[in-house]
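Structure first, then comments.
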Ligand SMILES: Cc1ncc(COP(=O)(O)O)c(C=O)c1O
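Chains as they are written, first to last, in the working numbering: chain B, 48 to 401; chain Y, -19 to 139.
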């Protein structure tokens, strides 16, 4: 019990408090994970696999990142629940009639949905969806993938009506190797541990172990101390700007970018066109041009865009393609950079048309 | 940084804009393979009609490819189709091996026979695009192998 160890523990716990305040959670319900993916796997193994069974429906959506699809698929055979997905409509929004049809069965025990799509940008009406799921089944648990939402839109766990919210450090101007599972402590208390090892135990004998209290029960092994402290520094940074201002800035960038991109010959922007309805990732397709070619040429024009399926294959398929090109804006981007993006895309078009 | 013109040589763009042998059907055909790369979403169908060179050796009598992919993969399939049509299967396989070696920076063998394929040397400077250039040629070799094994259809997913 020396000074340096105590200072590290203190910094780590201060980071937890910062995260908790940032999303309106109880610090006892804030579990540090490696990333959003690990947080969702934790829920799949410690919650879905244990408390859902035959007759229950686990409802996800076609809009999800693979991180919010595959973990549930992995535990489904063991648990025997029915895995259903809300389809996406051509405009890149959830099919609410299909959602209602599944929810009306009263059998949805776990509903998991992305707060904002990492491909089409759509911000989902999480509060309304969560309320509807609970009305149909008071036992239902609502999970929100906040990987895109939390960095871009002021987010409050209670306000969302979610039981669990997950997000990831590297999308919040923080380091890689740190993610967050924020949720209701009493639900975490009722769940068995995910990973076993040091830190998560109260007592260990050769025959068995008793477990530490939450959130430590879910933090096996030496924690990501540096990464958690780094994440807290990133949160201090965005708090300094104000999440409201971050959001307003990104809406302004979207307002400029969407019409300007669509003014380039053959360009279709996916997802809602109203900036208020979406977050600041903009996926587009260009008639006759493949995303990988677009990505390569735009990179040479000095603009970094991502080409591919963006780890959301079922969604990209629903848009009618195998891949899209995606530009992502952050708080440090400027309107001049929107112009540079559009100019680079126009140059790409000319390159292949010449 | 390698220059863009190395990647997108005029010959490559020409095959992309004006593909040769591109068709979703080949009637009749003896073997059909489907190759896909889930990572980048590329899909390629390749059909071969097998003939005879008069000395009992099977030949590539006709080739047709169709697919969905970037300019490099589609242009490469077009170039490949031109380069191997009329060759014996064994010889076509050898040309494909020469193309593979070239893409891995191991020198240019059979330069004449590669035809427009030599334009892809610059792609070797863009490691992430090498697999795009190889897709059509890998499909060809797989089609030859599939035919040799007496089968008509084969599907391959590249990781
Ligand atoms: C919507 C969404 N969910 C989940 C993830 C997974 O995040 P990570 O890979 O950091 O776990 C991402 C980002 O990659 C994302 O955009």
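Glycine included, each C-beta is placed from N, C-alpha and C at the ideal position.
- Taken atom to atom, the span from the alpha-carbon of residue 249(B) to that of residue 235(B) is near 16 Å.
- Residue 174(B): member of the alpha helix (DSSP H) spanning 173 to 183, first to last residue.
- Around the Cβ of residue 110(B), a 10 Å sphere holds 16 or more other Cβ atoms; the residue is buried.
- Taking the C-beta atoms as reference points, residue 327(B) is found nearer than 7 Å to residue 297(B).
- Across the set 14(Y), -14(Y), 120(Y) and -8(Y), the C-alpha of 120(Y) shows the shortest separation from the C-alpha of residue 39(Y).
- Near chain Y, meaning a CB-to-CB distance below 9 Å, the residues of the segment 345 to 378 of chain B are 347, 354, 355, 356, 360, 363, 368, 369 and 370.
- Going by C-alpha positions, residue 342(B) is about 35 Å away from residue 66(B).
- When beta bridges are read from the DSSP output, residue 158(B) appears opposite 106(B) and 189(B).
- Contact between residue 65(Y) and residue 43(Y) holds, since their C-beta atoms are separated by about 6 Å, short of 8 Å.
- Under the 7 Å criterion on CB atoms, residue 296(B) is classed as non-interfacial with respect to chain Y.
- For residue 92(B), there is no enclosing beta strand (DSSP E), since its DSSP letter is neither H nor E.
- Per DSSP, the continuous beta strand (DSSP E) segment holding residue 248(B) begins and ends at 248 to 251.
- Neighbours of residue 48(Y) across chain B, judged by C-beta separation under 7 Å: 369.
- The beta carbon of residue 200(B) sits closer than 6 Å to the beta carbons of 294 from its chain, once the five residues preceding and following it are set aside; these are given in chain order.
- Excluding sequence positions up to five before and after residue 63(Y), its CB lies within less than 7 Å of the CB of 75, 93, 94, 95 and 97, all in the same chain and listed in chain order.
- At a cut-off of 7 Å between beta-carbon atoms, residue 340(B) makes contact with chain Y.
- Apart from the 5 residues on each side of it in sequence, residue 14(Y) sits with its Cβ closer than 6 Å to the Cβ of 25 and 135 in its chain, given in chain order.
- Around the CB of residue 35(Y), fewer than 16 other CB atoms lie within 10 Å, so the residue is classed as exposed.
- Per DSSP, the unbroken alpha helix (DSSP H) holding residue 397(B) starts and ends at 382 to 400.
- DSSP, reduced to helix, strand and coil, places residue 376(B) outside both helices and strands of the structure shown, so it counts as coil.
- Not one heavy atom of ligand 1 lies closer than 6 Å to the C-beta of residue 91(B).
- Distances from the CB of residue 123(B) to the heavy atoms of ligand 1 are all 6 Å or more.
- The alpha-carbon of residue 355(B) is positioned some 19 Å away from that of residue -13(Y).
- Rounded to the nearest angstrom, the Cβ distance from residue 212(B) to residue 62(B) is 17 Å, too far for a contact under 8 Å.
- At least one C-beta of chain B is nearer than 7 Å to the C-beta of residue 51(Y).
- Residue state for residue 343(B) is assigned as helix, using DSSP reduced to three classes.
- DSSP lists 13(Y) and 45(Y) as the beta-bridge partner residues of residue 26(Y).
- For residue 330(B), DSSP records a beta bridge to 373(B).
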